[in-house]
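Novice:
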Amino acid sequence: MEAIIAGTLLQLLQGDIVDQEVEAVVNAANTGLWGGSGVDGAIHRAGGPAIAEECRRIREEQGGCPVGQAVITSGGFLKARYVIHTVGPIWRGGREGEDELLASAYRSSLQLAREKGIKSLAFPSISTGAYRFPLERAAGIALTTVKDFLTANPGIFSEVRFVLFSQPVLAVYEKTLAEVLDAG
Ligand code: AR6
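Per UniProt numbering, the very first residue in the sequence shown carries number 1; after that it's consecutive.
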């Protein structure tokens with residue numbers, strides 16, 4: 001499924017984040033930038049040791065990456081030139097600012113990409129794996145945040161992609177995007 005929002009192509013597709021031919025892929029990282037399972041593990045495995053080495057330097061310089069913020073490294077062996085590492089919130093029932101922190105993770109990633117002049121980027125479904133954020137709620141926040149950013153920054157990006165690992169997750173994102181676009 002795709003849509004054009006203020007001059008940017010927004011695409012939803014099923015796939016693996018590490019295979020994406022975009023300028024930057026977004027990693028669902030942890031605050032220590034330690035590498036882990038899921039998206040994080042796949043990116044570090046495919047990208048090689050250069051990414052972990054840059055993460056180590058960021059950890060030394062600024063202690064890692066707070067929840068809701070983003071940092072950038074090179075993409076190592078990935079097709080993408082950069083990895084934007086963002087940290088989504090761990091779901092703790094919804095009363096600990098999780099919604100706003102998740103929106104902030106997407107916004108911070110988009111802002112960092114804009115600052116670096118990156119034209120195309122791919123997001124995974126942040127926080128919806130190991131961090132257990134409810135999928136439909138996360139999809140609404142992800143798509144609304146991206147849509148609002150693109151509307152406020154027309155033509156900054158050529159393409160923003162969501163890469164969903166499975167067909168059921170893609171289906172949730174497609175249904176949610178239709179609702180978000182209908183809402184205007
Ligand atoms: N490509 C695209 N999506 C994927 C891939 C992949 N290769 N692998 C998994 N997914 P998760 P989180 C989906 O757990 O919830 C790590 O240990 C997955 O099915 O990767 O933000 C980090 O170090 C799910 O829908 O990220 C952190 O400690 C979504 O991506 C923690 O997990 C996100 O799942 C972050 O947890």
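The beta-carbon is built from N, C-alpha and C at its ideal position, and this holds for glycine as well.
Does the distance between the C-beta of Val83 and the nearest non-hydrogen atom of ligand 1 fall short of 6 Å?
Specialist: Counting from one through the sequence shown, the residue named residue 83 turns up at place 83. Not so, every heavy atom of ligand 1 lies at least 6 Å from the Cβ.
Novice: For Arg161, count neighbouring C-beta atoms within 10 Å of its own C-beta (all shown protein chains included) and say buried if the count is 16 or more, exposed if not.
Specialist: By one-based count along the sequence shown, residue 161 stands at place 161. That one is buried.
Novice: Hey, would you say the C-beta of Val25 is under 6 Å away from at least one heavy atom of ligand 1?
Specialist: As a working note, residue 25 is residue 25 in the sequence shown. Checking every heavy atom of ligand 1 against the Cβ of Val25, none is found closer than 6 Å.
Novice: When DSSP labels each residue in this structure, what does Gln69 get in the three-state scheme?
Specialist: On the sequence shown, residue 69 is found 69 positions in, with the first residue counted as 1. It is coil, neither helix nor strand.
Novice: Do the CB positions of Thr151 and Ala6 come within less than 7 Å of each other?
Specialist: The residue labelled residue 151 in the question sits at position 151 within the sequence shown. The residue labelled residue 6 in the question sits at position 6 within the sequence shown. Their beta carbons are under 7 Å apart, which means Thr151 touches Ala6 by this criterion.
Novice: Does the distance from the CB of Thr86 to the CB of Ser120 come in under 7 Å?
Specialist: Sequence index remark: in the sequence shown, residue 86 carries index 86 (1-based). Sequence index remark: in the sequence shown, residue 120 carries index 120 (1-based). No, these two residues do not count as a Cβ contact at 7 Å.
Novice: So does the stretch 74-91 actually touch the stretch 116-136, counting three or more Cβ pairs closer than 8 Å?
Specialist: yes
Novice: Would a C-beta distance cut-off of 7 Å place Ile40 and Ala50 closer than the cut-off?
Specialist: Numbered from 1 along the sequence shown, position 40 holds the residue referred to as residue 40. Numbered from 1 along the sequence shown, position 50 holds the residue referred to as residue 50. Sequence check: residue 40 is Asp here, not Ile. It is not a contact, given that the beta carbons lie outside the stated cut-off.
Novice: Should Gln20 be labelled buried (16 or more other beta-carbon atoms within 10 Å of its own) or exposed?
Specialist: Translated into positions along the sequence shown, residue 20 becomes position 20. Classification for Gln20: buried.
Novice: Taking the continuous alpha helix (DSSP H) assigned at Phe149, which residues delimit it?
Specialist: By 1-based counting over the sequence shown, the position of residue 149 is 149. Run containing Phe149: 135-152, per the alpha helix (DSSP H) assignment.
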